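Residue numbers (this note's numbering), protein chains in the order written: chain A, 398 to 609; chain B, 398 to 609. Glycine is no exception: its CB is placed at the ideal position from the N, C-alpha and C atoms. Because the structure is a prediction, the values reported are computed rather than measured. Data first, discussion second: the structure below is written as structure tokens.
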DNA sequence: TATACCTTTGGCCAAACGGTTAAACTACAA
DNA sequence: TTGTAGTTTAACCGTTTGGCCAAAGGTATA
């Protein structure tokens, strides 16, 4: 990865580290590899970020920060539920198409180290002033309003939310399985498959919760 | 992990290695840790399994073998589609409740090393004489038959299959997120949440594909 | 030019790692 | 009791790892 002219060494390191950590995880990444790919000395990594752990946390937090604002905007938007679902699925798939490794990365590191996760989460939310619980409370309210009005079937908000997230995220983390077993290991077929899901998934969800 | 009396050292090592590899992954696992948890000398690991890689592959294959027979039986069963979906979701959730770390483990290792994985896959299927493509062809046929009969909405089989798998597997790989953000970090709430999904998910799927 | 500060480098280190080897232990048959 | 094959151990090896340090390079200011 080559450094662009108007980029500081510090941020260049972060970009390269992002790339390597995402593909190989914390344990699988070598500081030497980051240094080599950034075209610098290994000592320089420690000069800017002191330890591997600290560099990793910077990368990890950044991976989150890219997502949350967009997701949040979609969730708290003041539009009808069905439209919101369509917009959310569309947006989420588009982001993930551009950052396909992030979900598997986040999931693995969260499972590996769920102790530290709580702290990392807190600092992320504090940094960005994102009140997650409030966000979901609003969404919960909107969903249950539709349930009471008889516009959608009775379903617990958390279950619906997890369903939506599952349908959006899983196809990316399970890419090797889907591509390998269902799509003849053909990259193009996989990309087409994902593109089609933008509509398939929102139709699926809306069909599932619509009153017949 | 203590060794039971009627258990050979060799299989005891495998059990302990399974436990450690599943939680920490290939890169995150130390041979010394497996030895310590098994209460044996590190050299003994190499005596029985020669290298870390070989031990890992044994564990990885075993993780798959536990799953496939049950899954296969459900998929090729000669029962109506809706019943099949209900049975599949129920079975899958029950297996995953007992082996919650397997999905994240498999996904991570597949993403980390999809080159070797192809070979491992082949040998697994050869060992167990499982013709996966045939399995999915049969399921595809059953689904499209229902589509043509007008019993379910028009949906591509692969999309439906991925939807089902997403809804079953994702809640386990994303446990830290779901539990942490949606369920107040309460283990019991998470377990209840998963238990409820056995019915929620199959209702959701069937509702989604039913003709209104 | 001289000074001071920030950046970058190469050399180095102790610890941890996967793996090897030779010797010791064990059980059992001759 | 001795021989033998399978099992287990302690000591050790070469390499890799994350991290440290002192010195060199660069640049702006006085």
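- Judged by DSSP secondary structure, residue 406 of chain A falls within the alpha helix (DSSP H) whose first and last residues are 406–425.
- The beta carbons of residue 528 of chain B and residue 599 of chain B sit about 27 Å from each other, so the pair does not count as a contact at 8 Å.
- By the rule that beta-carbons nearer than 8 Å mark a contact, residue 411 of chain B does not touch chain A.
- Under a criterion of Cβ atoms nearer than 9 Å, the residues of chain B adjacent to residue 533 of chain A are, in order, 578, 579.
- Residue 488 of chain A: member of the alpha helix (DSSP H) spanning 478–495, first to last residue.
- Within the model, the alpha-carbon separation for residue 443 of chain B versus residue 435 of chain B is close to 13 Å.
- Within its own chain, the residues whose Cβ lies closer than 6 Å to the Cβ of residue 456 of chain A, once the five positions on either side in sequence are excluded, are 414, 415, 418, listed in chain order.
- Cβ contact annotation for residue 595 of chain B (same chain, cutoff 7 Å, sequence separation greater than five): 486, 487, 490, in chain order.
- Contact with chain A is absent for residue 599 of chain B, since none of that chain's Cβ atoms lies less than 8 Å from the residue's Cβ.
- By the Cβ-count criterion, residue 505 of chain B is buried, with 16 or more other Cβ atoms from all chains shown falling within 10 Å of its own Cβ.
- Looking from the CA of residue 597 of chain B, the closest CA among A/410, A/557, A/468 belongs to A/557.
- The continuous alpha helix (DSSP H) containing residue 428 of chain B extends over residues 428–435.
- Bridge pairing for residue 549 of chain B: B/607 [DSSP].
- Shortest Cα-Cα distance from residue 454 of chain A to any of A/496, A/437, A/510, A/477 involves A/510.
- Here residue 477 of chain B is exposed, its C-beta having fewer than 16 other C-beta atoms within 10 Å.
- Close CB contacts of residue 502 of chain B within its chain, under the 6 Å cut and outside five residues either way in sequence, are with 419 (chain order).
- Of B/563, B/437, B/440, B/458, the smallest CA-CA separation from residue 523 of chain B is found for B/458.
- Here DSSP, grouped into helix, strand and coil, assigns residue 401 of chain A to coil.
- Residue environment analysis places residue 422 of chain A among the buried positions, since at least 16 neighbouring C-beta atoms fall within 10 angstroms of its C-beta.
- For residue 568 of chain A, the chain B residues whose Cβ falls inside 8 Å of its Cβ are 559, 563, in order along the chain.
- When 9 Å is used as the limit between beta carbons, residue 556 of chain A is near these residues of chain B: 590, 593, 594, 597, 598, 601, in chain order.
- Nearest neighbour of residue 535 of chain A by Cα position, chosen from A/399, A/555, A/519, turns out to be A/555.
- Residue 407 of chain B and residue 452 of chain B have their alpha carbons spaced roughly 11 Å apart.
- Apart from the 5 residues on each side of it in sequence, residue 409 of chain A sits with its Cβ closer than 7 Å to the Cβ of 400, 435 in its chain, given in chain order.
- With contacts defined as CB atoms closer than 8 Å, residue 481 of chain A and residue 532 of chain A fail to qualify as a contacting pair.
- Between the segment 581–590 of chain A and the segment 578–586 of chain B, the count of C-beta pairs closer than 8 Å stays below three; the two stretches do not touch.
- When 9 Å is used as the limit between beta carbons, residue 604 of chain A is near these residues of chain B: 550, 604, 605, 606, 607, 609, in chain order.
- Counting other Cβ atoms within 10 Å of its Cβ, residue 542 of chain A stays below 16 and is therefore classed as exposed.
- Runs of the alpha helix (DSSP H) lying entirely within the segment 441–471 of chain A and spanning at least 4 residues: none are present.
- Going by DSSP, residue 560 of chain B is part of the alpha helix (DSSP H) stretching over 554–570.
- For residue 421 of chain A, the chain B residues whose C-beta falls within less than 9 Å of its own C-beta are 424, 509, listed in chain order.
- DSSP places residue 474 of chain B outside both helix and strand once states are collapsed to three, so it counts as coil.
- Cβ contact annotation for residue 500 of chain B (same chain, cutoff 6 Å, sequence separation greater than five): 566, 569, 570, in chain order.
- Counting of Cβ neighbours within 10 angstroms places residue 495 of chain A among the exposed residues, the total staying below 16.
- Per DSSP, residue 507 of chain A is one residue of the alpha helix (DSSP H) stretching across 499–509.
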